[in-house]
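103 is the number of the first residue of the sequence shown in the numbering used here; add one for each residue after it.
Note that beta-carbon positions come from the ideal geometry of N, C-alpha and C, so glycine has one too.
Small disclaimer: the values here were computed from a predicted structure and weren't measured.
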Amino acid sequence: MKKLKLFLLSCVLLSQLGVVQAAQPKPGRRLEALKTAYVTKQLNLTPEEAEKFWPVYHAYTADFKKMRQEQKTGDVLEIEESILNLRKRYRGEFKKLLNTDDRALKALTVERDFNNMIRKELQQRIELRKEKS
């Protein structure tokens, strides 16, 4: 029952995002909405968990991206160590929010899984276009 409610909530949110997107088209909004739905589904977030999870997750991804940018100009090993420490810190925060180690660890890798899924989808579309040409 909770999964059904969560699915319906996701559908409503995504449909509302579609209305807003039509009014104010911005690149990447649709992809961001898809990622939100994917992460919510993969982590089986309840609405209450989602409300607490998303601000922490956005902070994690912002910190992670910042460190990746620094990696281009800094000592690679030090940056990798910093990223490891960041993941450890956020794993603890995610565990508090999500109540299990498995879900906390999945929160750290779910964006990579989403990106891989999108990459595969794009590759398939490119191959289909090549076949049609």
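CA-to-CA, the gap between K128 and E134 works out to about 11 Å. Distance from the CA atom of L136 to the CA atom of K143, rounded to whole angstroms, is 11 Å.
In the three-state DSSP reduction, S184 falls in the helix class (H, G or I). Per DSSP, the continuous alpha helix (DSSP H) segment holding D203 begins and ends at 203 to 234.
In the three-state reduction of the DSSP assignment, K128 falls in the coil class, being assigned neither a helical nor a strand state. Rounded to the nearest whole angstrom, the CA to CA distance from G194 to P149 is 21 Å.
Between the C-alpha atoms of E213 and T175 there is a straight-line separation of about 24 Å.
Of the candidates E172, A206, I220, the residue whose Cα lies closest to the Cα of K197 is A206. Taking the Cβ atoms as the reference, M169 lies roughly 6 Å from L188, within the contact range of under 8 Å.
If you draw a straight line from the Cα of K222 to the Cα of G130, it comes to about 18 Å. In terms of Cα proximity to S184, the closest of Q226, A209, F166 is F166.
Annotation for K174: no alpha helix (DSSP H) segment contains it, and DSSP assigns it neither H nor E.
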